[in-house]
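Heads up: the protein sequence lines correspond to chains A and B, in order.
Going by the working numbering, 189 is the number at position 189 of the first sequence; the sequence numbering is gapless.
Going by the working numbering, 292 is the number at position 292 of the second sequence; the sequence numbering is gapless.
All remarks here apply to the structure that follows.
Number of protein chains: 2
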Amino acid sequence: MHERLASILGSLLLDGRLPIHARLPSERSLAEQLRVSRATVANTYENLRGEGLLVSRPGAGNWTTLPARRNRGAAPLAPGIRSEPGVLDLAIAVPPPALEVVTAAFGWAVANLGPELAEDQRLNGHGYHPAGIPQLREAIAVRYTERGAPTTPDQIMVTTGAQGAVHLLARQLVTSGDLVMVERPSYPNAIDALRQANARLVSVSVSDGSWDIDQMTGVLAQANPVLAYVIIDFHNPTGAVLPAGDREALVREATRRSTLLLVDETHVELNLDGAPMPPPLAAFDRRDRVISIGSLSKVFWGGLRVGWIRATPELVRRLALERRSVDLAGSVVDQMAATYMLTRLGELLPGRLDVLAHRRDALLAALEKHLPSWSPTRPAGGLSVWARLDRPMSTALADAAERHAVRLVPGPRFGLDGTLERFLRLPFALRAEDLERAVERLAAAERTILTDAALRRSA
Amino acid sequence: MHERLASILGSLLLDGRLPIHARLPSERSLAEQLRVSRATVANTYENLRGEGLLVSRPGAGNWTTLPARRNRGAAPLAPGIRSEPGVLDLAIAVPPPALEVVTAAFGWAVANLGPELAEDQRLNGHGYHPAGIPQLREAIAVRYTERGAPTTPDQIMVTTGAQGAVHLLARQLVTSGDLVMVERPSYPNAIDALRQANARLVSVSVSDGSWDIDQMTGVLAQANPVLAYVIIDFHNPTGAVLPAGDREALVREATRRSTLLLVDETHVELNLDGAPMPPPLAAFDRRDRVISIGSLSKVFWGGLRVGWIRATPELVRRLALERRSVDLAGSVVDQMAATYMLTRLGELLPGRLDVLAHRRDALLAALEKHLPSWSPTRPAGGLSVWARLDRPMSTALADAAERHAVRLVPGPRFGLDGTLERFLRLPFALRAEDLERAVERLAAAERTILTDAALRRSA
Numbered sequence: 001m002h003e004r005l006a007s008i009l010g011s012l013l014l015d016g017r018l019p020i021h022a023r024l025p026s027e028r029s030l031a032e033q034l035r036v037s038r039a040t041v042a043n044t045y046e047n048l049r050g051e052g053l054l055v056s057r058p059g060a061g062n063w064t065t066l067p068a069r070r071n072r073g074a075a076p077l078a079p080g081i082r083s084e085p086g087v088l089d090l091a092i093a094v095p096p097p098a099l100e101v102v103t104a105a106f107g108w109a110v111a112n113l114g115p116e117l118a119e120d121q122r123l124n125g126h127g128y129h130p131a132g133i134p135q136l137r138e139a140i141a142v143r144y145t146e147r148g149a150p151t152t153p154d155q156i157m158v159t160t161g162a163q164g165a166v167h168l169l170a171r172q173l174v175t176s177g178d179l180v181m182v183e184r185p186s187y188p189n190a191i192d193a194l195r196q197a198n199a200r201l202v203s204v205s206v207s208d209g210s211w212d213i214d215q216m217t218g219v220l221a222q223a224n225p226v227l228a229y230v231i232i233d234f235h236n237p238t239g240a241v242l243p244a245g246d247r248e249a250l251v252r253e254a255t256r257r258s259t260l261l262l263v264d265e266t267h268v269e270l271n272l273d274g275a276p277m278p279p280p281l282a283a284f285d286r287r288d289r290v291i292s293i294g295s296l297s298k299v300f301w302g303g304l305r306v307g308w309i310r311a312t313p314e315l316v317r318r319l320a321l322e323r324r325s326v327d328l329a330g331s332v333v334d335q336m337a338a339t340y341m342l343t344r345l346g347e348l349l350p351g352r353l354d355v356l357a358h359r360r361d362a363l364l365a366a367l368e369k370h371l372p373s374w375s376p377t378r379p380a381g382g383l384s385v386w387a388r389l390d391r392p393m394s395t396a397l398a399d400a401a402e403r404h405a406v407r408l409v410p411g412p413r414f415g416l417d418g419t420l421e422r423f424l425r426l427p428f429a430l431r432a433e434d435l436e437r438a439v440e441r442l443a444a445a446e447r448t449i450l451t452d453a454a455l456r457r458s459a
Numbered sequence: 001m002h003e004r005l006a007s008i009l010g011s012l013l014l015d016g017r018l019p020i021h022a023r024l025p026s027e028r029s030l031a032e033q034l035r036v037s038r039a040t041v042a043n044t045y046e047n048l049r050g051e052g053l054l055v056s057r058p059g060a061g062n063w064t065t066l067p068a069r070r071n072r073g074a075a076p077l078a079p080g081i082r083s084e085p086g087v088l089d090l091a092i093a094v095p096p097p098a099l100e101v102v103t104a105a106f107g108w109a110v111a112n113l114g115p116e117l118a119e120d121q122r123l124n125g126h127g128y129h130p131a132g133i134p135q136l137r138e139a140i141a142v143r144y145t146e147r148g149a150p151t152t153p154d155q156i157m158v159t160t161g162a163q164g165a166v167h168l169l170a171r172q173l174v175t176s177g178d179l180v181m182v183e184r185p186s187y188p189n190a191i192d193a194l195r196q197a198n199a200r201l202v203s204v205s206v207s208d209g210s211w212d213i214d215q216m217t218g219v220l221a222q223a224n225p226v227l228a229y230v231i232i233d234f235h236n237p238t239g240a241v242l243p244a245g246d247r248e249a250l251v252r253e254a255t256r257r258s259t260l261l262l263v264d265e266t267h268v269e270l271n272l273d274g275a276p277m278p279p280p281l282a283a284f285d286r287r288d289r290v291i292s293i294g295s296l297s298k299v300f301w302g303g304l305r306v307g308w309i310r311a312t313p314e315l316v317r318r319l320a321l322e323r324r325s326v327d328l329a330g331s332v333v334d335q336m337a338a339t340y341m342l343t344r345l346g347e348l349l350p351g352r353l354d355v356l357a358h359r360r361d362a363l364l365a366a367l368e369k370h371l372p373s374w375s376p377t378r379p380a381g382g383l384s385v386w387a388r389l390d391r392p393m394s395t396a397l398a399d400a401a402e403r404h405a406v407r408l409v410p411g412p413r414f415g416l417d418g419t420l421e422r423f424l425r426l427p428f429a430l431r432a433e434d435l436e437r438a439v440e441r442l443a444a445a446e447r448t449i450l451t452d453a454a455l456r457r458s459a
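Dropping the structure here:
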């Protein structure tokens, strides 16, 4: 009995559903609530202490905690400097390169470079465009307008990928010690950029494919963060989409509390099933509370380093100045290639979505076959599946997978505090046959963990 | 008499040769030293107070200071978001685009993109190369080795321009409050990046085309900064080159004091007169105290956003990780174009240097003709002339020039503390005819300032 109870409490904690440093009831009080003997609760707490999940101070109380080795917050979510032959990389969620689109786009860019290189005071022959080249700013503004958020080019700033956008905005908008709301799970590199601006972070949970809008607006009302970073269009990593009504409620509360909403839309064009999407968050914004960021790196090729920010013309001007000490400006040729892609999106996207949908289905089929006890999401868009494991073993699995030539990022890296041990992000960017091979290796890695655990128990 | 004395002291201060917040001698003591009457000194100090250059507290002493309006430290050194037709831009020092080289390099890049886009685990099909694409790291290492600093590719990290390099290094190497040595004048955007890492800055002077090596080593020995940022190959903005013997002395002292030397070599290939150059600073380094940064943006085209860092393999690995929260990686196509340029440098550079040398000479001839009382440097390389003006009026001149459709960055922007009012950086990147036109407008702007001043005096 006490083992089962300890296991339930431990799971709640490691999944992030029970917060860390939360005070648990006293033994007597919990015994009463659960109608079990006090000895059962005492043994439960003893078990939790043994696993490093609980600290108790006699007379003071019991607090949840995490064992030191689970807290791998610093694990890199970055591709290796060199890729290793034979290693299947599930650590990064980037699309496979769209060979034909990329070649056509860059070919067009080079063929049309003439005016950009003209040494003419009326043009920008020097090649520095802190806010982006005019054609691309125009194309991005048109795309927002099409999606339902009327936009002018002076509201657009082009950045070095979406990561460059988050980095610039974190520097500009966050003062040391400011409170920032993020989702749990969320995109680790964005979290890192906010942390490096010395933000204090508070998280709201995205679980079972949805947000708790009351929890979100409650945190805005009570904690009153200066900024909230959200990914509501094919959320990374879960794939969830925030419904229109909740979008409206979120903007309303943020407007009331003067919180800026930073919405990361890097996945929005990856609508694999073609289901109708709610309007973009910016469409609900009347008071300049919404700042949107986007990218083409997640659509056609990671090597294209083009992202952007949609904000007020005033903020765009400030960011363009701020950028002079960061990277001055972005690649002009990449921006021209992005202009080609964006102005032909309707024609170029369907082939892309077919490839990705096929790979998603291949990954889900492989999981069903080789790891049937896991519960993966079936995302309608984006680049990854978020799988619920049998038990809290994400970090152990990532370690074991490395020995089976699969690179993984353990679930806790997507949270703030070492929880989410029961989850794993599985990108479906690799070829179908490589995805099946990777899942086979994962199943083998899981068996070694379970065997090790069984051996330890019997020892 | 007292007016001349006040003018001399005022000039020393505004040129940066007399520090701010320096204590001046008492009236009596200065009168004795200069063998003038005490009344003359009293009137001199009164004049300086009137110009906002001196604060005095009776019984306590006299300190140099600066009037508030001269301190325009925040003026942007960045191209405008939009270029304005008819405005001649002398605010940025970027090369004119090398039309043929750029077109050929990007054409080659696109034609050879195939392997980079191959969806193959052995290659990096995802397009993210945090440390740079292997071919370019190799080409950069070869170039350092040719210049006299043997280098392996794992010592090279490719960045988003040289500015991206300074930004990453400032974040990685500077802890809040650390002391960093810079030159005066120096490159403002680098200074900004160091300031934003909360460095405390101390400066050593580069004047009349040379460094005072004893002052430099003295600051290293006494103030013991963690880092020194220097531009010793065609210094920006003066064009000066540090001789080999001084390089050796600088590295020796930095090694003794455990100071890291960050040497900005972005101008090193712009050797306009083809004079033999001293070995690179890294060639004198035995203890990993030298970190070098370079770029191709200042050679062929500003729109090519490729810079790099040469450091230890260990630091390169750390920076590649650090980068994940900044911009993840750089443009692959830009890096391929840079590889083309760098591996054919011997063939592509001469035509480039001819163009720039011609423009430098055109600028100097125009200054000689229209502003003969200014004293410009005649730099053997780089992209700009550093001109000494008749009087401390750089900020006023930049304001007046704007009304004559010329963009300038006033001299104080290249220092730390609002001094350098007697100097002006003049890039020679524009076409010869535009340079002459710009100098004509500057002469007109100067006349309006002098007329205004004369009118004020007679009023």
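Each residue gets a CB set at the ideal place from its N, CA and C atoms; glycine is no exception.
Name the DSSP bridge partner or partners of residue i?
i: Y537(B); result: Because residue 537(B) is not part of the residues shown, which for chain B are 1 to 459, the question remains open.
i: M216(B); result: None, per the DSSP bridge assignment.
i: F423(A); result: R388(A)
i: V406(B); result: L88(B)
i: M157(A); result: I309(A)
i: V202(B); result: M181(B)
Measure the C-alpha to C-alpha separation of residue i and residue j and round it to an integer number of angstroms.
i: S207(A); j: L34(A); result: 26 Å
i: I191(B); j: Q335(B); result: 26 Å
i: V355(A); j: D434(A); result: 14 Å
i: P59(A); j: N43(A); result: The question names Pro, but residue 59(A) is Gly in the sequence shown. Taking the straight line from one Cα to the other gives about 17 Å.
i: T103(B); j: L48(B); result: 57 Å
i: P25(A); j: T395(A); result: 29 Å
i: L201(B); j: T217(A); result: 44 Å
i: H2(A); j: L397(A); result: 27 Å
i: V251(A); j: P96(B); result: 47 Å
i: T151(B); j: L328(A); result: 28 Å
If you check the beta carbons only, do residue i and residue j fall under 8 Å apart?
i: L194(A); j: A170(A); result: yes
i: H167(A); j: S203(B); result: no
i: G306(B); j: S295(B); result: First, the residue type needs correcting, since residue 306(B) is Val and not Gly in the sequence shown. Yes, these two residues count as a Cβ contact at 8 Å.
i: R422(B); j: L371(B); result: no
i: G302(B); j: Y144(A); result: no
i: P379(A); j: A387(A); result: no
i: A405(A); j: R359(A); result: no
i: G107(B); j: L117(B); result: no
i: A109(A); j: A337(A); result: yes
i: G10(B); j: L53(B); result: yes
Under a Cβ-count criterion, where at least 16 other Cβ atoms within 10 Å of its own Cβ denotes burial, should residue i be classed as buried or exposed?
i: Q222(B); result: exposed
i: K298(A); result: buried
i: G346(B); result: exposed
i: E446(A); result: buried
i: T159(A); result: buried
i: A74(B); result: Summary for A74(B): the model assigns pLDDT 35, below 50, so the residue's position carries little reliability, and this model does not support an answer.
i: I156(B); result: buried
Quick check on this structure: which residue in the options has the alpha carbon closest to the alpha carbon of residue i?
i: S186(B); options: G415(B), R388(B), A453(B), F423(B); result: G415(B)
i: Q270(B); options: A93(B), A365(B), D154(B); result: Here residue 270(B) is Leu; the residue named in the question, Gln, does not match the sequence. Ranking A93(B), A365(B), D154(B) by Cα distance to L270(B) puts A93(B) first.
i: L408(B); options: T419(B), S384(B), R391(B), S176(B); result: S384(B)
i: H21(A); options: E32(A), G61(A), T40(A), S37(A); result: G61(A)
i: R180(A); options: V226(A), L13(A), R38(A); result: The amino acid occupying residue 180(A) in the given sequence is Val; Arg does not appear at that position. Minimum Cα distance to V180(A) is reached at V226(A).
i: E436(A); options: T151(A), A365(A), A197(A); result: A365(A)
i: V290(A); options: E265(A), N189(A), T175(A), E3(A); result: E265(A)
Counting only beta-carbon separations shorter than 8 Å, does residue i have a partner in chain E?
i: L328(B); result: The chain inventory of the structure shown lacks chain E, comprising the protein chains A and B.
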